[in-house]
Amino acid sequence: MADSIYSVAGRVALITGGGSGIGREIAKRYAESGATVIVNDIRDVGQQAADEVGGHFIRADLSDMESTRRLAEQSLAIEGRVDILVNNAGYQNIHPVEEFPDETWAEMVQVMLVAPFQLIKYLVPSMKAQGWGRIINMASIHGLVASPYKSAYNSAKHGLVGLTKTVALEVGEFGITVNAICPGYVSTQLVEVQIEDQSKTRGISVDDVTEKVMLEPAAIKRLIDPEEVAALAQFLASDAARSITGSAYSIDAGWVAR
Ligand SMILES: NC(=O)c1ccc[n+]([C@@H]2O[C@H](COP(=O)([O-])OP(=O)(O)OC[C@H]3O[C@@H](n4cnc5c(N)ncnc54)[C@H](O)[C@@H]3O)[C@@H](O)[C@H]2O)c1
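In our numbering, the protein residues as written are 779 to 1036.
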């Protein structure tokens, strides 16, 4: 596997929100393929994830601009470079627009759009210098289409797809690709919380939220495994994907097909 075109062996990868869910699976997969993994998270689970894969942990709160800038600095200090940046940290909060708390709205955009911009800004120079880099932005089907009660999430994720395309155009000549992954509903803590929130907001049962709301538009009626998203993240980080840039890859069981 080490010399396969799908390998990320020898690369240094920073994964934000790598303490759980999709980010944790990406950390595992990259480490198994021979990368040096740097896990960022706001919670202790980041340390556990880093220990599990023999990687580094940097605690940082991506809702804070100064912490995010320091995360970039500390990551670069480990090996002198970051080859692969996975902007993955995120969370969901569901409210009708007229009830959405201002601070929560702003914080969600900060974590899921402003922090990715900052990390790209501070890490691109080391990628440019070596003529190789991969930036993977974890967007969502809600970076492509909207659902009600998710104004902050949808705005941040649509913005992240726009950021992906823009930066791809700016850095292509330096051997750096920039892509977004747009998952449908993946079986993680984030989705469990969402199911409960939607159940309350809509006044329907948890089962009805999953079957009739979340998976209703999907061609394949099941939650996606985080491992499936991690496999796509490995492909996009590998040399096999060197001509793929500025794309938003759906992995959504057909959710946005209709
Ligand atoms: N689960 C899904 O169905 C789904 C679908 C589409 C997109 N996504 C996106 O995938 C990404 C990962 O989601 P997940 O389902 O694995 O969620 P998760 O909750 O399991 O993991 C997200 C991680 O981000 C961390 N985090 C949250 N706020 C942070 C902050 N301010 N600073 C640093 N870390 C922070 C959390 O501590 C957590 O460990 C998110 O960007 C999410 O929007 C998830």
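Quick reminder that beta carbons are idealized off the backbone N, C-alpha and C, glycines included.
What number of angstroms, rounded off, separates the C-alpha of residue i from the C-alpha of residue j?
i: S929; j: S965; result: 22 Å
i: T846; j: P903; result: 16 Å
i: A828; j: S925; result: 34 Å
i: V831; j: P894; result: 24 Å
i: E951; j: P995; result: 39 Å
i: E1006; j: E877; result: 35 Å
i: S853; j: Q972; result: 31 Å
i: N932; j: N871; result: 11 Å
i: R848; j: V875; result: 33 Å
i: Q888; j: L941; result: 14 Å
i: D822; j: S785; result: 29 Å
i: I919; j: L1014; result: 18 Å
Just to confirm, are residue i and residue j a CB contact at a threshold of 8 Å?
i: C960; j: L922; result: yes
i: I793; j: I856; result: no
i: L1041; j: Y900; result: Residue 1041 lies beyond the residue range present for the chain, which begins at 779 and ends at 1036; the question has no answer from this structure.
i: V790; j: V860; result: yes
i: I800; j: M886; result: no
i: G824; j: G858; result: no
i: I783; j: S1025; result: no
i: V864; j: A958; result: no
i: G962; j: A1031; result: yes
i: T988; j: Y927; result: no
i: A1009; j: R802; result: no
i: V945; j: I998; result: no
i: M890; j: A838; result: no
i: I954; j: N866; result: no
i: A850; j: A813; result: no
Run the CB neighbour count on residue i, radius 10 Å, all protein chains shown included, and call it buried at 16 or more, exposed below.
i: L947; result: exposed
i: P879; result: exposed
i: E970; result: exposed
i: M905; result: buried
i: A907; result: exposed
i: T882; result: exposed
i: M992; result: buried
i: D819; result: buried
i: A780; result: Annotation note: pLDDT 49 at A780 (below 50); position unreliable, coordinate value reported separately. When all chains shown are included, A780 counts as exposed.
i: A841; result: Residue identity differs from the one stated: residue 841 is Ser in this sequence, not Ala. S841 should be labelled buried.
i: S1021; result: exposed
i: M843; result: exposed
i: I836; result: buried
i: V949; result: buried
Is residue i close to ligand 1? I mean its beta-carbon at under 7 Å from any heavy atom of the ligand.
i: S918; result: yes
i: V889; result: yes
i: V964; result: yes
i: A753; result: Outside the displayed span of the chain (779 to 1036) sits residue 753, for which this structure offers no information.
i: D819; result: yes
i: V956; result: no
i: Q825; result: no
i: N932; result: no
Establish whether the CB of residue i and some CB of chain D are separated by less than 8 Å.
i: T944; result: The structure shown contains no chain D; it is built from a single protein chain.
Any idea what DSSP makes of residue i, helix, strand or coil?
i: G911; result: strand
i: P926; result: coil
i: N957; result: strand
i: F1013; result: helix
i: H1078; result: The structure shown does not extend to residue 1078, since the chain is modelled only from 779 through 1036, so no value can be given for it.
i: F895; result: helix
i: V971; result: helix
i: V1038; result: Since the first and last residues shown for the chain are 779 and 1036, residue 1038 lies out of range.
i: R847; result: helix
i: L863; result: strand
i: I1002; result: strand
i: A780; result: Below a pLDDT of 50, predicted positions are generally treated as unreliable, and A780, at 49, falls in that range; no measurement from the model is reported.
i: D819; result: strand
i: H873; result: coil
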